[in-house]
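K.L.:
Below is a structure I'd like to ask you about.
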Amino acid sequence: MILLLSGASETARALVVDKILDTHKDWRHLALEDLREEDTWNEEEIGMEEVFGVMIACDCAKDVQQEGCHIIITCPSVHLIETVRDTFPEKIVTVHMGEEKEGEETFSHVLNPKTHSLNDTCNFLEELIAQ
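Counting in my numbering, the sequence shown tops out at residue 137, every number present.
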(Lines of atoms letter the chains of each structure in order from A and count residues from 1; the text may use other names and numbers.)
(Lines give C-alpha, C1' and ligand atoms only; values in the text may rest on other atoms or scores of the structure.)
Protein backbone atom coordinates (compact mmCIF):
# COMPACT_ATOMS: atom_id res chain seq x y z
CA MET A 1 0.00 0.00 0.00
CA ILE A 2 1.09 3.55 -0.71
CA LEU A 3 -0.41 6.28 1.43
CA LEU A 4 0.21 9.93 0.60
CA LEU A 5 -0.38 12.46 3.39
CA SER A 6 -0.56 16.16 2.59
CA GLY A 7 -1.72 19.37 4.22
CA ALA A 8 -1.47 20.72 7.76
CA SER A 9 2.00 21.58 9.00
CA GLU A 10 5.18 19.60 8.64
CA THR A 11 5.04 18.97 12.39
CA ALA A 12 1.46 17.66 12.24
CA ARG A 13 2.33 15.32 9.37
CA ALA A 14 5.41 14.10 11.25
CA LEU A 15 3.37 13.32 14.39
CA VAL A 16 0.88 11.27 12.38
CA VAL A 17 3.66 9.41 10.56
CA ASP A 18 5.49 8.65 13.82
CA LYS A 19 2.36 7.05 15.27
CA ILE A 20 1.82 4.96 12.15
CA LEU A 21 5.47 3.83 12.00
CA ASP A 22 5.44 2.92 15.70
CA THR A 23 2.52 0.58 15.07
CA HIS A 24 3.53 -0.82 11.68
CA LYS A 25 7.13 -2.00 11.44
CA ASP A 26 6.69 -2.93 7.76
CA TRP A 27 6.04 0.70 6.76
CA ARG A 28 8.63 3.24 5.60
CA HIS A 29 8.37 7.01 5.36
CA LEU A 30 9.30 9.13 2.35
CA ALA A 31 9.36 12.77 3.48
CA LEU A 32 9.27 14.87 0.33
CA GLU A 33 9.63 18.00 2.45
CA ASP A 34 13.23 16.92 3.08
CA LEU A 35 14.07 17.39 -0.60
CA ARG A 36 14.17 21.14 -0.17
CA GLU A 37 17.00 22.84 1.68
CA GLU A 38 14.83 25.76 2.72
CA ASP A 39 12.27 25.31 5.48
CA THR A 40 9.27 26.47 3.49
CA TRP A 41 7.79 25.40 0.17
CA ASN A 42 6.55 28.22 -2.00
CA GLU A 43 4.02 26.84 -4.48
CA GLU A 44 4.97 29.46 -7.09
CA GLU A 45 8.63 28.41 -7.01
CA ILE A 46 8.13 24.72 -7.71
CA GLY A 47 9.95 23.87 -10.90
CA MET A 48 11.64 21.04 -12.72
CA GLU A 49 14.27 20.61 -10.01
CA GLU A 50 11.62 19.79 -7.41
CA VAL A 51 9.67 17.56 -9.80
CA PHE A 52 12.84 15.68 -10.75
CA GLY A 53 13.76 15.28 -7.06
CA VAL A 54 10.34 13.82 -6.33
CA MET A 55 10.67 11.39 -9.24
CA ILE A 56 14.03 10.14 -7.97
CA ALA A 57 12.76 9.84 -4.38
CA CYS A 58 9.72 7.88 -5.56
CA ASP A 59 11.94 5.53 -7.57
CA CYS A 60 13.91 4.84 -4.38
CA ALA A 61 10.61 4.20 -2.57
CA LYS A 62 9.71 1.66 -5.26
CA ASP A 63 12.86 -0.28 -4.39
CA VAL A 64 11.84 -0.33 -0.73
CA GLN A 65 8.33 -1.39 -1.73
CA GLN A 66 9.76 -4.34 -3.69
CA GLU A 67 11.38 -5.48 -0.44
CA GLY A 68 7.87 -5.92 0.97
CA CYS A 69 7.41 -2.63 2.78
CA HIS A 70 4.47 -0.27 2.56
CA ILE A 71 5.17 3.43 2.00
CA ILE A 72 3.74 6.53 3.63
CA ILE A 73 4.68 9.66 1.69
CA THR A 74 4.36 13.12 3.17
CA CYS A 75 4.06 15.86 0.59
CA PRO A 76 4.25 19.58 1.38
CA SER A 77 2.96 20.70 -2.01
CA VAL A 78 -0.29 19.94 -3.80
CA HIS A 79 1.52 20.62 -7.08
CA LEU A 80 3.81 17.61 -6.57
CA ILE A 81 1.05 15.07 -5.95
CA GLU A 82 0.50 14.33 -9.64
CA THR A 83 4.22 13.58 -9.98
CA VAL A 84 3.90 11.05 -7.14
CA ARG A 85 0.79 9.52 -8.71
CA ASP A 86 2.48 9.23 -12.10
CA THR A 87 5.44 7.43 -10.54
CA PHE A 88 3.30 4.74 -8.91
CA PRO A 89 1.00 3.10 -11.49
CA GLU A 90 -0.94 1.21 -8.82
CA LYS A 91 -3.57 2.91 -6.75
CA ILE A 92 -2.27 5.40 -4.24
CA VAL A 93 -4.46 6.50 -1.32
CA THR A 94 -4.25 10.25 -0.76
CA VAL A 95 -5.26 11.98 2.46
CA HIS A 96 -5.29 15.75 2.90
CA MET A 97 -5.26 17.26 6.38
CA GLY A 98 -7.09 20.52 5.75
CA GLU A 99 -10.45 22.01 4.99
CA GLU A 100 -12.71 20.10 2.61
CA LYS A 101 -12.66 22.80 -0.05
CA GLU A 102 -8.85 22.55 -0.24
CA GLY A 103 -8.73 19.02 -1.58
CA GLU A 104 -12.10 17.68 -2.64
CA GLU A 105 -11.04 16.92 -6.21
CA THR A 106 -7.39 16.01 -5.66
CA PHE A 107 -7.52 13.68 -2.66
CA SER A 108 -9.21 10.38 -1.85
CA HIS A 109 -9.96 11.62 1.68
CA VAL A 110 -9.94 15.01 3.41
CA LEU A 111 -9.65 15.35 7.19
CA ASN A 112 -10.15 18.78 8.71
CA PRO A 113 -7.64 19.21 11.58
CA LYS A 114 -10.06 21.62 13.26
CA THR A 115 -12.51 18.75 13.75
CA HIS A 116 -10.14 15.74 13.71
CA SER A 117 -7.57 15.35 16.47
CA LEU A 118 -4.24 13.59 16.02
CA ASN A 119 -5.80 10.42 17.42
CA ASP A 120 -8.84 10.76 15.12
CA THR A 121 -6.55 11.12 12.12
CA CYS A 122 -4.41 8.14 13.13
CA ASN A 123 -7.49 5.99 13.78
CA PHE A 124 -8.84 6.89 10.34
CA LEU A 125 -5.51 5.98 8.72
CA GLU A 126 -5.44 2.71 10.67
CA GLU A 127 -8.84 1.86 9.17
CA LEU A 128 -7.50 2.59 5.68
CA ILE A 129 -4.44 0.44 6.30
CA ALA A 130 -6.59 -2.45 7.55
CA GLN A 131 -8.63 -2.56 4.32
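Just so you know, even glycine gets a beta-carbon here, dropped at the ideal spot from N, CA and C.
How is the alpha helix (DSSP H) around residue 27 delimited, first residue to last?
P.N.:
16-29
K.L.:
Looking only at its chain, what residues have a beta carbon closer than 8 Å to the beta carbon of residue 126, apart from the 5 residues adjacent to it on each side?
P.N.:
117
K.L.:
Does the distance from the CB of residue 52 to the CB of residue 67 come in under 7 Å?
P.N.:
no
K.L.:
Just list the beta strand (DSSP E) runs in the stretch 36-86, keeping only unbroken ones of 3 residues or longer that don't cross its boundaries, in chain order.
P.N.:
76-81
K.L.:
May I ask you to report which of helix, strand or coil DSSP gives residue 8?
P.N.:
Assignment of residue 8 by DSSP, reduced to helix, strand and coil, places it in the strand class.
K.L.:
Alpha carbon to alpha carbon, what distance is there between residue 81 and residue 39?
P.N.:
So the alpha carbons of these two residues sit roughly 6 Å apart.
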